[in-house]
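Step one of this worksheet: look at the structure below.
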Amino acid sequence: MTAENTSAGGAPAGSPNDDRLEIDEARPGDDPDELVLVVHGEIDTATSPRLQARLEDLPAEASVCLDLADVSFVDSSGLSALIAVHHRQRNGGGRLRFRALNDVVARLFAVTGLDRHLDIADA
Numbered sequence: 010m011t012a013e014n015t016s017a018g019g020a021p022a023g024s025p026n027d028d029r030l031e032i033d034e035a036r037p038g039d040d041p042d043e044l045v046l047v048v049h050g051e052i053d054t055a056t057s058p059r060l061q062a063r064l065e066d067l068p069a070e071a072s073v074c075l076d077l078a079d080v081s082f083v084d085s086s087g088l089s090a091l092i093a094v095h096h097r098q099r100n101g102g103g104r105l106r107f108r109a110l111n112d113v114v115a116r117l118f119a120v121t122g123l124d125r126h127l128d129i130a131d132a
């Protein structure tokens, strides 16, 4: 007998109905060419493939900003996905910027040294 990993809402983890991650689209006032994606929830082994796929659907030359204020958890697979997309955008002539880091994410970026390599907005 095997146990099935499920999200808090009962959907199989990693399934399209996994409700531990939501991604909303917004546009900032200061840069109309930058797409802002507001991420809510957890970026982990079950949800990071969906976030990475959403970001990889965008052109590599696009300017993208991830608002992480409402992210409650990031594991190593989540970090790996963020780094992969960062490299993809940079190598494609685009940009991946992070903003609104909460204490959890800011500490994780600092402990891993990513804060010295990623484009992180002050506000």
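Everything in the sequence shown is counted per my numbering, starting at 10 for the first residue and increasing by one.
Built from N, CA and C at the ideal position, the CB exists for glycine as well.
How close, in whole Å, do the beta carbons of residue i and residue j come, if the pair is a contact with beta carbons under 8 Å?
i, j, result
"Asp76", "Ala119", "With 8 Å as the limit, Asp76 and Ala119 do not qualify as a contact, their Cβ atoms being about 18 Å apart."
"Asp84", "Asp53", "4 Å"
So who's on the other strand from residue i, going by DSSP bridges?
i, result
"His49", "Glu31 and Asp79"
"Glu134", "Since the first residue shown for the chain is 10 and the last is 132, residue 134 is missing from the structure and cannot be characterised."
"Phe107", "Leu75 and Ile129"
Cα separation between residue i and residue j?
i, j, result
"Gln61", "Asn100", "16 Å"
"Leu67", "Ser89", "18 Å"
"Phe82", "Glu31", "13 Å"
"Arg125", "His95", "13 Å"
"Arg29", "Gly102", "31 Å"
Which term fits residue i, buried or exposed, when burial requires 16 or more other beta carbons within 10 angstroms of its beta carbon?
i, result
"Glu51", "buried"
"Thr11", "Bear in mind that a pLDDT of 30 at Thr11, under 50, signals an unreliable position, so the number given afterwards is only what the model happens to contain. It is exposed - the Cβ of Thr11 has fewer than 16 other Cβ atoms within 10 Å."
"Val73", "buried"
"Gly122", "exposed"
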